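Here the structure is laid out as structure tokens; the discussion comes afterwards.
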Amino acid sequence: MTEHDPGERAAALGRLWHVGAAAVVTAAVVGYFTATRNPPRADKPSAEPAPREAGRMPGYAEIGEQRRGPNADMYVAAVDGLNAGKPGAFEPVIQSEAERQAVILARAGRRAYDGAPPTIPHEVKQKDFPDCMACHAEGAKVAGKRAPRMSHARYDNCTQCHVPSTAPAPLPPPRTPVENEFAGLASRGKGLRAWPGAPPTIPHPTLMRSECSSCHGTGGPNGIRSTHPYRESCTQCHAGNAALDQRTESPPPWQLK
């Protein structure tokens, strides 16, 4: 028997180990990809129609004001028709002092005092906020009467401040009359001007009256309608009255010497 060099035997044994390890790794890789590959299968035609795309589910805050279902847009065209007939923003405004006084008197007849929430001049059957907004969101004209645009930010409980002028069921008279000396404010008249031709100041408080177009826009009464409703930044020229807004007096930020 021929004797081999121990070094050659070790080298041959190492090569055998390398070949065996490579074979094991190759088998593992092939097995992994074979197992994870999807088996071929024939596509079967479905008799059912493809499902419609599902829209976004409304949140809890949106459920009360969104109309859903196949009849959601049934009254959109009818509501849009209520805004027809409004004068254009650039149409000339011809008004008189008598018209202005008539508007002021009619406005005072719907309020307990100047600045109070106006009463509702019609029967109220609505149960939630969107029914009021159908006419008062942008303003409309219904049965020959003007439904003004809401002059303040959104508050959902409208009847918390606005009550019907004629209740469907009159309340019983109080047992003991409550005596008080409360006297509401009256209309302040016209705004003051710094000089002839200057923009007048706002002659009323601005609280809950941030939407000037409610009364002075194209849908407002002619006696107090603005001649330039296309200019929407009203307080850029028309300043508020600190006394009417009941703002406290404060010193200037810097003492000038």
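Numbering (my numbering), first residue to last: -9 to 247. For glycine and all other residues, C-beta sits at the position ideal for the given N, C-alpha and C. These figures come from a predicted structure and were not determined experimentally.
Query                                                                                                        : Result
Beta-carbon proximity check, T109 vs R100, cutoff 8 Å                                                        : yes
Cβ shell of P219 (< 8 Å), same chain only, five flanking positions each side left out                        : A79, S203, H206, G207 and T208
Exposed unless 16 or more other CB atoms sit within 10 angstroms - verdict on A137                           : buried
M(-9) (DSSP reduced to helix, strand or coil)                                                                : For M(-9), the predicted model reports a pLDDT of 44, less than 50, meaning its position is unreliable and no value from the coordinates is stated.
Three-pair Cβ contact test at 8 Å for the segment 135 to 154 versus the segment 177 to 195                   : no
Burial state of H194 (16 or more Cβ within 10 Å)                                                             : buried
Own chain partners of P82 with C-beta closer than 8 Å, once the 5 adjacent residues on each side are dropped : T217
Selection from H112, R139, R58 and V153 that minimises the alpha carbon distance to A133                     : H112
Length-filtered (4 minimum) alpha helix (DSSP H) runs lying within the segment 173 to 207                    : 203 to 206
Buried or exposed by the 16-neighbour rule on C-beta atoms within 10 Å, applied to I53                       : exposed
Cross-strand partners of A137 (DSSP beta bridge)                                                             : A130
Limits of the unbroken alpha helix (DSSP H) element including Q91                                            : E87 to A98
Identity of the residues DSSP links to P154 by a beta bridge                                                 : I110
Three-state secondary structure (DSSP) of N170                                                               : coil
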